[in-house]
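Data first, discussion second: the structure below is written as structure tokens.
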Amino acid sequence: YEALLLDEERGRLFAGAQNHLLSLALDDISQRDRKIYWPAPVEWREECNGAGKDITAECMNFVKILHPYNRTHLYACGTGAFHPVCAFVEAG
Numbered sequence: 001y002e003a004l005l006l007d008e009e010r011g012r013l014f015a016g017a018q019n020h021l022l023s024l025a026l027d028d029i030s031q032r033d034r035k036i037y038w039p040a041p042v043e044w045r046e047e048c049n050g051a052g053k054d055i056t057a058e059c060m061n062f063v064k065i066l067h068p069y070n071r072t073h074l075y076a077c078g079t080g081a082f083h084p085v086c087a088f089v090e091a092g
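So the sequence shown is numbered by UniProt numbering: it starts at 1 and just counts up by one.
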């Protein structure tokens, strides 16, 4: 994981991963993780592959930035298969 955000107010650790944003409970490791699936669109992956990149290793959306935005949302950015993309994500 390259992007980590500790949210003590909610008791969560947010982690950016390949094609996913994870929300982990700090106080109960047995609690099921919350996941948001956030892949790069197929067209972007195909374009990335056409540029000589490995479609299974490089042409993905790697979530690199997690930043608190307000009390309800995070600002997240990913590589988007070499088409950088950002979004506001509900943190609840």
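Ideal placement from N, C-alpha and C gives every residue a C-beta, glycine not left out.
Asked                                                                                                                                                                              : Found
Is it right to say Thr20 is buried, meaning 16 or more other beta carbons lie within 10 angstroms of its own, or is it exposed?                                                    : Contrary to the premise, residue 20 reads as His rather than Thr in this sequence. It counts as buried.
Within the same chain, show all residues whose beta-carbon is closer than 8 angstroms to that of His73, passing over the 5 residues directly before and after it, in chain order.  : Phe88, Val89, Glu90 and Ala91
Between Ala17, Asp7 and Glu8, which has its C-alpha nearest Val63's C-alpha?                                                                                                       : Ala17
If contact is defined by three or more beta carbon pairs under 8 angstroms, each pair taking one atom from either stretch, is the segment 45-55 in contact with the segment 19-37? : no
Distance check for Asn61 and Asn2, CA to CA, integer angstroms please.                                                                                                             : The displayed chain sequence assigns Glu, not Asn, to residue 2. Approximately 12 angstroms, taken between the alpha carbons.
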